[in-house]
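First the structure, in the form of structure tokens, and then the observations on it.
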Amino acid sequence: MVPAGFLALAVSSPLMAKEFSYSYAELGVADIEVDDRDGDYLYGGGSLALDRNVFIRASVGNLDFDPGEADVVSLGVGHPMRISERSDLVLALDYSYTDPDRGDNDIDTLAASVQSRTWLTNNIEGNLSAGYAHADYDKGDDSGAVLGAGVRLYVTPLVSVAAELNRSFVGDLDTDSFGISGRVQF
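So the sequence shown is residues 926 to 1111, counted in my numbering.
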């Protein structure tokens, strides 16, 4: 009974105009599928708003794919723009480095993206993203589109949980991921 009441409160809360935060710490996990191979990704990261127009973000993670693992480090910069009382448009540029524990096939990836963040209710944020990524492997390189959609529930004004679905078309292998995360804003 409590979860149903909590959901009713979250959906029925009046919609207030408020700004999105770009300063936070986050932990998350994702199920990643590359063709028929399945892996798990665990990460921690954060973002810091330098001012209303620029933020920097970083994360470290571990990708566990059979038969091995890989460490992933990413750095990025973003530019949020308010497009309405309820929505922001975010332009971002991110670099990630993937270091597998087996072999020499390190991966450097540069991605440019645009994301919309919209208050669906006072406690629920929806987002859509699209981008283009270029991955440079030790044995070559690939490029392609990356698409995503997600929803974030604010349990309190500073604490939220999210679910996100992403699809990558970089190279010959399509990659799907479904992740959940928890975030504390400051």
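Glycine is no exception: its CB is placed at the ideal position from the N, C-alpha and C atoms. Note that the structure is a prediction, hence the values are computed from the model and not measured.
Closest in C-alpha terms to Gln1040, from the list Asp1026, Ser1106, Ala1060 and Gly1075, comes Gly1075. Per DSSP, Ile1105 is one residue of the beta strand (DSSP E) stretching across Thr1100 to Gln1110. With a cut-off of 8 Å on Cβ pairs, the segment 1075–1091 is not in contact with the segment 964–981, counting fewer than three such pairs. The beta carbon of Val1095 is closer than 6 Å to those of Ala1058, Ala1060, Asp1067 and Gly1069 in its chain, skipping five residues each way along the sequence.
Apart from the 5 residues on each side of it in sequence, Asp1029 sits with its Cβ closer than 6 Å to the Cβ of Asp1063 in its chain, given in chain order. In the structure shown, Phe990 adopts extended strand secondary structure according to DSSP, grouped into three states.
For Leu1035 against Tyr1020, the beta-carbon gap comes to about 5 Å, under 8 Å, which counts as contact. Residues Ser1041, Arg1042, Thr1043 and Trp1044 of the same chain have their beta carbon placed closer than 8 Å to that of Ser1012, with the five preceding and five following residues left out of the count.
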